[in-house]
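4 protein chains.
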Amino acid sequence: MFELDLRSRLPIYEQLIEKMKELIIGEVLKPNEQLPSVRTLAQQITINPNTIQKAYRELERQGYIYTVKGKGNFVAPILESMQQEKLEKLKEELLKIVSEAMYLGMKKEDILQIISSVENMLGGGNLK
Amino acid sequence: MFELDLRSRLPIYEQLIEKMKELIIGEVLKPNEQLPSVRTLAQQITINPNTIQKAYRELERQGYIYTVKGKGNFVAPILESMQQEKLEKLKEELLKIVSEAMYLGMKKEDILQIISSVENMLGGGNLK
Amino acid sequence: MFELDLRSRLPIYEQLIEKMKELIIGEVLKPNEQLPSVRTLAQQITINPNTIQKAYRELERQGYIYTVKGKGNFVAPILESMQQEKLEKLKEELLKIVSEAMYLGMKKEDILQIISSVENMLGGGNLK
Amino acid sequence: MFELDLRSRLPIYEQLIEKMKELIIGEVLKPNEQLPSVRTLAQQITINPNTIQKAYRELERQGYIYTVKGKGNFVAPILESMQQEKLEKLKEELLKIVSEAMYLGMKKEDILQIISSVENMLGGGNLK
DNA sequence: GTGGTCTAGACCACC
DNA sequence: GTGGTCTAGACCACG
């Protein structure tokens with residue numbers, strides 16, 4: 025389930041964060057679903073629990089999961105408060121990347137295709 | 025010309041590489057144009073010459089520049105593969121950001137609007 | 025009546041203690057009034073009875089409530105020392121926040137305005 | 025310089041954060057001044073370097089210090105961007121604490137006194 | 001059982 | 001030299 029590249033330049037806790045985000049955004053992990061415990065996951069992917077911890081704490085800070093001490097970590101439902109703020113940031117990022125991409129010759133159609141593929145992923149027909 | 029962020033998590037030699045690549049692909053630096061020498065550039069942006077060296081060596085390895093001993097470093101002619109490589113990276117980034125944005129509720133229209141604004145911006149004086 | 029935050033970093037028994045203290049010092053709970061039994065309260069706020077127990081025991085130790093075996097738990101008469109203790113804590117907090125705010129450029133007037141607005145708010149129907 | 029209470033309930037990395045904030049806010053540590061290195065500080069106060077790291081990273085996240093890899097950690101100058109955001113939060117906190125304090129009988133004069141003491145600390149006459 | 005903190009010691013990239 | 005990451009193993013508080 026979690027394929028990590030131990031040799032990668034990206035620290036493995038960041039790889040973990042990315043993977044988890046994908047699972048949450050792709051709604052493979054549903055809101056309020058419990059995540060594997062720090063220890064269990066550590067054993068499963070044979071990695072130190074501290075490393076999982078680091079990833080989980082960052083995900084919590086970013087609002088993707090929430091922690092109940094003594095219980096576990098859970099997928100956060102989308103909060104409106106964080107939503108607006110975050111969307112603004114994403115819009116800025118989008119603007120930057122889109123302009124760079126189009127400057128280098130990417131066509132409007134290429135971007136539309138990306139949007140479509142995302143719609144399929146998120147839409148009724150969950151790929152899972 | 026080269027705005028570097030010393031505080032960034034990216035090593036500055038990598039920031040240099042990225043900047044140079046963009047200037048080369050965007051043809052701000054024309055093929056066979058001579059690059060500033062390691063020493064002068066180091067002085068200009070007050071950075072350790074070793075760091076510049078490292079960036080130049082890596083750019084040469086990747087085929088973006090070539091070195092003539094005793095003369096200096098020069099911009100290599102652009103290969104399509106370079107643009108392609110860059111565009112692939114941008115596509116991946118786009119996919120990530122778009123899916124995150126749409127998960128948080130951004131509408132297709134919002135993205136289309138961003139595209140339009142970029143089109144307008146580039147529409148007038150595209151250098152290419 | 026008791027709004028607890030299960031996700032908070034503060035253990036919930038401490039949250040309970042703080043809430044109770046405020047209710048007692050603010051005289052929402054009057055001296056010698058009977059508190060809800062451990063079980064009923066546990067049911068009401070759907071929390072482990074052990075947790076309630078722990079809070080009650082600590083409140084007793086600190087002199088805020090007293091226990092009559094076979095009868096239940098009761099609000100102790102307020103001692104000045106309790107108010108004093110609480111006020112000291114608040115003063116420390118105030119000092120920290122005020123110094124941080126003024127370091128970041130908040131003006132004395134801004135704080136005075138906050139005080140005024142609080143005075144207005146309390147002015148009308150102070151329970152005490 | 026750093027008196028830590030190893031027995032305290034507050035984790036020592038949080039104690040460190042508080043101390044550092046005080047030093048920065050009190051301008052004992054001036055903007056762009058270099059902080060002791062992770063290792064040095066660790067030796068000085070005989071604490072594990074990882075613990076210092078944790079404190080430094082959090083301070084960076086909160087905008088109090090910035091890190092230059094390979095160089096060290098430095099006191100951040102006040103950024104306007106973070107300022108506005110943070111001040112809003114502080115105002116809310118202030119409102120909450122002030123209203124609680126005044127409800128419990130704290131006088132306007134007590135608060136004014138706190139403000140004065142802060143003014144002295146920050147003003148021309150640095151206590152150091 | 002859960003997460004949170006801490007230590008000791010190691011290796012890496014960067015400058 | 002600096003910070004950044006990771007491991008192994010320990011102890012604690014919480015529910």
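Residue numbers (our numbering), protein chains in the order written: chain W, 25 to 152; chain P, 25 to 152; chain G, 25 to 152; chain S, 25 to 152.
Virtual Cβ for every residue (Gly too), placed ideally from N, Cα, C.
Close-in-space but distant-in-sequence residues of the same chain around residue i (CB under 7 Å, 5 per side omitted)
i: E84(W); result: Y90, T91
i: L30(P); result: I36
i: N150(S); result: Low local confidence applies: a pLDDT of 47 at N150(S) is under 50, so the model's placement there is unreliable, with the coordinate-based value given in what follows. Correct list, in chain order: E51.
i: L47(S); result: L53
i: I71(W); result: I36
i: E116(P); result: none
i: S140(G); result: none
i: T64(W); result: none
Amino acids of chain G, ordered along the chain, whose beta-carbon sits closer than 8 Å to that of residue i
i: V92(W); result: L30, R31
i: A125(S); result: L111, L114, K115, L118
i: V142(S); result: L119, V122, S123, M126
Same chain, Cβ closer than 6 Å to residue i, five either side skipped, listed in chain order
i: Q58(P); result: G96, F98
i: L28(G); result: I36, Q39
i: F26(W); result: K43, I69
i: E104(P); result: none
Under 9 Å by beta carbon: chain W residues contacting residue i
i: S105(P); result: Those within 9 Å of S105(P) in chain W number zero; the least Cβ separation is about 13 Å.
Beta-carbon neighbours of residue i, restricted to chain G and to distances below 9 Å
i: L146(S); result: S123, M126, Y127
Anticipated Cβ contact below 8 Å, residue i with residue j, distance rounded
i: I102(W); j: V122(P); result: 17 Å between Cβ atoms; not a contact.
i: L118(G); j: I135(S); result: 7 Å
i: L146(W); j: M126(P); result: 6 Å
i: V62(W); j: P73(W); result: 5 Å
Where residue i meets chain P, residues with beta-carbon distance less than 8 Å
i: I135(W); result: L118, I135, I139
Neighbour list for residue i in chain G, Cβ cutoff strictly below 7 Å
i: M25(S); result: Simply none; closest approach about 19 Å.
N- and C-terminal bounds of the alpha helix (DSSP H) containing residue i
i: G50(S); result: Unbroken run through G50(S): none, as it is neither H nor E.
i: N74(W); result: 73-85
i: L65(P); result: 62-68
Residue i, enclosing beta strand (DSSP E) - first and last residue
i: I89(P); result: 89-92
i: G129(P); result: Element bounds for G129(P): n/a, residue is neither H nor E.
i: G96(W); result: 96-99
Chain-ordered neighbours of residue i on chain S, where CB pairs are closer than 8 Å
i: M130(G); result: L111, L114, K115
Same chain, Cβ closer than 8 Å to residue i, neighbours up to 5 away in sequence not counted
i: V142(S); result: none
i: Q107(G); result: I49
i: S32(W); result: Q39
i: T75(G); result: I36, Y37, L40, A66
i: Y88(G); result: M44, K45, I48, V99, A100, M106
i: P60(P); result: Q68
Contacts that residue i makes with chain S (C-beta to C-beta distance below 9 Å)
i: I49(G); result: L128
Neighbouring residues, chain P, relative to residue i (Cβ below 9 Å)
i: I102(W); result: Y127, L128, G129
Contact test: residue i Cβ vs the ligand MG heavy atom, cutoff 6 Å
i: L34(S); result: This structure does not include the ligand MG; it has no bound ligands of any sort.
For this session: Determine contact between the segment 128-146 of chain S and the segment 111-122 of chain G, defined as no fewer than three beta-carbon pairs at a distance below 8 Å.
Result: yes
Exercise. Three or more C-beta pairs closer than 8 Å, one from the segment 69-79 of chain G and one from the segment 36-55 of chain G: is that the case here?
Worked result: yes
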